[in-house]
Structure formats: structure tokens, C-alpha cells
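Residue numbers (this note's numbering): 27 to 119. C-beta: ideal position from N, C-alpha, C; glycine also. The block underneath contains the structure these notes are about, expressed in C-alpha cells.
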Amino acid sequence: MAESIRQMFPGCPSEEAWMIAAHTSVRGSGRVGRTASGRALDEEALRAAVIAAIRHRHTHYDRLLMKGWDRMDARNAVRGDVDRVLSEWRKAV
Numbered sequence: 027m028a029e030s031i032r033q034m035f036p037g038c039p040s041e042e043a044w045m046i047a048a049h050t051s052v053r054g055s056g057r058v059g060r061t062a063s064g065r066a067l068d069e070e071a072l073r074a075a076v077i078a079a080i081r082h083r084h085t086h087y088d089r090l091l092m093k094g095w096d097r098m099d100a101r102n103a104v105r106g107d108v109d110r111v112l113s114e115w116r117k118a119v
């Protein structure tokens, strides 16, 4: 799964791709990597996993949730930050 992430997002650091792959495939988690499309390396499922990882690791999304923000409002608030990281990760290193 990490190799597929790196193919889709060549600018994603290798260690981050491995972390995303490991996190999304935890058994019993209900995360995207445990779904049929995630296990089949469906491109959209991998993209969703990468976006979720960026949201949690590279933005203030979790702090907004801890302050009581609605989940969708918090996602909208950090969308620009997520898009910037995605843009960088799409570039070949």
C-alpha cells in the first residue's frame, strides 16, 4: 500500500507513506485501508487515506475538534492546508 501511495504522491516522504499505510490497515478499525476497495488498492480509497492523514498530521484539525467545532466545519477550515500539502506531494521529488 505504501508503494501505491508513493506512486500517486511521489513527493510524499517514504516514512509518511508507510505510516499512512500502516494506520489505514489496522484490523477492526473501520478505516479506509480495511475496506474492500482499500485492500484492493483502489485509487480513491488511497487518496482518502492520504487526505485524512494530512488533515490529522499537518493541520490544526484535531485542535478545532477538541474546541467543539463541527467535523465538517473543521474540515472546511483546514481544506486549504490539506490542498497545499497534496499539491506538494503530487510533485515528483
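Count Cβ pairs between the stretch 80 to 88 and the stretch 100 to 109 that sit closer than 8 Å; are there 3 or more? yes
Is the distance from the Cβ of Ile31 to the Cβ of Ala43 below 8 Å? For this step, residue 31 is matched to residue 5 along the sequence shown. For this step, residue 43 is matched to residue 17 along the sequence shown. For Ile31 and Ala43, yes; Cβs fall inside 8 Å.
Measuring only the C-alpha atoms, how far is Asp109 from Lys117? In the sequence shown, the residue the question calls residue 109 occupies position 83. In the sequence shown, the residue the question calls residue 117 occupies position 91. Straight-line Cα distance between these residues: approximately 13 Å.
Between Val76 and the rest of its own chain, which residues show a CB-CB distance below 8 Å, the 5 nearest in sequence each way excluded? Within the sequence shown, the letter at position 50 stands for residue 76. Same-chain partners within the cutoff: Ile31, Met34, Phe35, Cys38, Ile46, Leu112, Trp115.
So, at 8 Å on beta carbons, what are the nonlocal neighbours of Ser40 in its own chain, with the 5 sequence-adjacent residues on each side left out? Start at 1 with the first residue of the sequence shown, and residue 40 comes out as number 14. Counting only Cβ-Cβ distances below 8 Å, and skipping sequence neighbours, we find Ala28, Arg32.
Give the secondary structure of Ser30 by DSSP, where H, G and I count as helix, E and B as strand, and everything else as coil. Here residue 30 refers to the residue found at position 4 of the sequence shown. Helix at Ser30.
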